[in-house]
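Chemist: A single structure is presented below for examination.
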Amino acid sequence: LRLGGRIHRLARLLFLSILLTLIVGSSSQTSPAFRVVAFYTGQNDAAHISFVKEANTWFPRMAQQHNFQYTSTSNWANLNDQYLSQYQVIIFLDTRPENAQQRAAFEKYMKNGGSWMGFHFSAFALTPSTYNQNWDWYHKTFLGSDQYVSNTWRPTSAILKVENRTHPATKNLPATFSSSPNEWYRWKLDLTKNADIQILLSIDPKSFPLGTGPKPHEIWHSGYFPVVWSNRKFKMIYLNMGHNDMDYGGTNQALSQTFNNVQTEKLVLDSLLWLSKKR
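Below you can see the structure in the form of structure tokens.
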């Protein structure tokens, strides 16, 4: 009887141990490692709308595979202290906030250790235009680029050079790789002269001539053009990718995708995982 009682107790302890393991395992699976919110407008350029739709399919897939929560919203009123406190990373998929209160909330979030990833048009500003350069902290201090100056056309693939092989966002990339088609931007300020800016990727000279025109200034033949960078004073990364090639004037359908490129996917995912960690 004693032996039977001992076996019964051991069996019970084993059952409880297995049950506890299952509960802890289930909890770790349902509790995300970090939370991401992506803001977008998705109303202007067909290429930007295409990218937003693509991103809002790709990020949830990555979230499922890498145990993080991804939320996207076109309601920029959510850019406030209370809402942002729920998230470790903010993404701007296509535009920037225009409201003064929203801008102040974003600046506060970043200065208090929040993380940010921005794509393509989120850095755009041009005076005069619909998106005037009327936010110096964001465009000059935070991004370091100031106003947009010009771009390549049509969207074309470029050979990108990894400028920093040790940064967490780029350490798994080859020395150079070919990007998906994109419209590449030139900026007013020279990022190489800003000590706070870490240039991570640039256009490799092997890409030239870059663009097909038809206007001559839309084809780049030389120069140094950063396309991915970070600011040492903040947990942030900007990527100039985010403008798919479109059949403008025809079907208006996408002719390319940003996330069908292995190295770009690796870059964005590694950037996100780096941003999720506290400074």
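Residues -28 to -1, 1 to 251 in mature numbering (1 follows the signal peptide of the UniProt record, and there is no 0) are what the sequence shown spells out, letter by letter. Think of the CB as a built atom: it goes at the ideal place given N, C-alpha and C, for glycine as much as any other residue. In this text the structure is predicted, and so the values were computed from the model without any measurement.
Can you name, in chain order, every residue of its own chain whose Cβ lies under 6 Å from the Cβ of Pro198, other than the five neighbours on each side?
Modeler: The residues are Leu163, Ile171, Ser174.
Chemist: Excluding five sequence neighbours on each side, which residues of the same chain lie with their C-beta closer than 8 Å to the C-beta of Lys238?
Modeler: Counting only Cβ-Cβ distances below 8 Å, and skipping sequence neighbours, we find Asn144, Leu145.
Chemist: Tell me the DSSP secondary structure of Asn232 in three-state form.
Modeler: DSSP places Asn232 in coil when its eight states are reduced to three.
Chemist: With which residues is Ile62 paired in a DSSP beta bridge?
Modeler: Ile62 pairs with Val9, Trp88.
Chemist: Compare the Cα-Cα distances from Ala95 to each of Tyr120, Lys83, Asn106 and report the closest residue.
Modeler: The residue with the shortest Cα to Cα distance from Ala95 is Tyr120.
Chemist: Of all the options Thr13, Thr148, Phe40, Asp17, which has the alpha carbon lying nearest to the alpha carbon of Ser3?
Modeler: When each option's Cα is compared against that of Ser3, the closest is Phe40.
Chemist: Going residue by residue through the segment 154 to 230, where are the continuous beta strand (DSSP E) segments of at least 3 residues, counting only ones entirely within it?
Modeler: Listed in chain order, the complete beta strand (DSSP E) runs (minimum 3 residues) inside the segment 154 to 230 are 157 to 159, 169 to 175, 198 to 203, 207 to 211.
Chemist: Span of the alpha helix (DSSP H) holding Ser22?
Modeler: Counting along the chain, the alpha helix (DSSP H) containing Ser22 begins and ends at 18 to 38.
Chemist: Which residues bound the beta strand (DSSP E) around Tyr120?
Modeler: Taken as a continuous stretch (DSSP letters only), the beta strand (DSSP E) holding Tyr120 covers 120 to 123.
Chemist: Would you tell me roughly how many angstroms separate the C-alpha atoms of Asp108 and Thr230, rounded to the nearest one?
Modeler: For Asp108 and Thr230, the distance between alpha carbons rounds to 29 Å.
Chemist: Hey, quick one: how far does the alpha helix (DSSP H) through Leu56 stretch, first residue to last?
Modeler: It spans 53 to 56 - the alpha helix (DSSP H) in which Leu56 sits, taken as one unbroken run.
Chemist: Going along the chain, which residues of its own chain have a beta-carbon closer than 6 Å to the beta-carbon of Ile191, five neighbours each way excluded?
Modeler: Here the set comprises Pro181, Gly183, Gly185.
Chemist: Going straight from the alpha carbon of Trp30 to that of Leu244, what length do you get?
Modeler: Distance between the alpha carbons of Trp30 and Leu244: 13 Å.
Chemist: Can you tell me whether His139 is buried or exposed? The criterion is at least 16 other CB atoms within 10 Å of its CB, across all chains shown.
Modeler: The residue is buried, with at least 16 neighbouring Cβ atoms inside 10 Å.
Chemist: So, helix, strand or coil for Thr128, using DSSP?
Modeler: Three-state DSSP puts Thr128 in a strand.
Chemist: I'd like the list of long-range same chain contacts for Asn233, defined as Cβ closer than 7 Å, with 5 residues on each side in sequence excluded.
Modeler: So the qualifying residues of the chain are Ser151, Ser152.
Chemist: Whole angstroms are fine: how far does the CA of Tyr157 sit from the CA of Thr142?
Modeler: When rounded, the distance between both Cα atoms is 21 Å.
Chemist: What residue does the alpha helix (DSSP H) around Phe78 start on, and which one ends it?
Modeler: Per DSSP, Phe78 belongs to the alpha helix (DSSP H) from 72 to 83.
Chemist: Comparing alpha-carbon positions, which option in Pro100, Asn52, Ser228, Leu227 lies nearest Phe78?
Modeler: Minimum Cα distance to Phe78 is reached at Asn52.
Chemist: Using DSSP's beta-bridge definition, name the partner residues of Ser150.
Modeler: DSSP, once it has assigned bridges, lists Ile131 as partnering Ser150.
Chemist: Among Val61, Thr67, His111, which one has its Cα closest to the Cα of Met89?
Modeler: Here the closest residue by C-alpha is Val61.
Chemist: In this structure, does DSSP put Thr102 in helix, strand or coil?
Modeler: DSSP places Thr102 in coil when its eight states are reduced to three.
Chemist: For a test of the three-state rule: what should DSSP assign to Ser3, helix, strand or coil?
Modeler: Correct three-state label for Ser3: coil.
Chemist: Quick check: Asp217 and Pro100, are their CB atoms within less than 9 Å of each other?
Modeler: Result no, Cβ atoms of Asp217 and Pro100 do not sit closer than 9 Å.
Chemist: Is the Cβ-Cβ distance between Val9 and Thr45 less than 9 Å?
Modeler: Result yes, Cβ atoms of Val9 and Thr45 sit closer than 9 Å.
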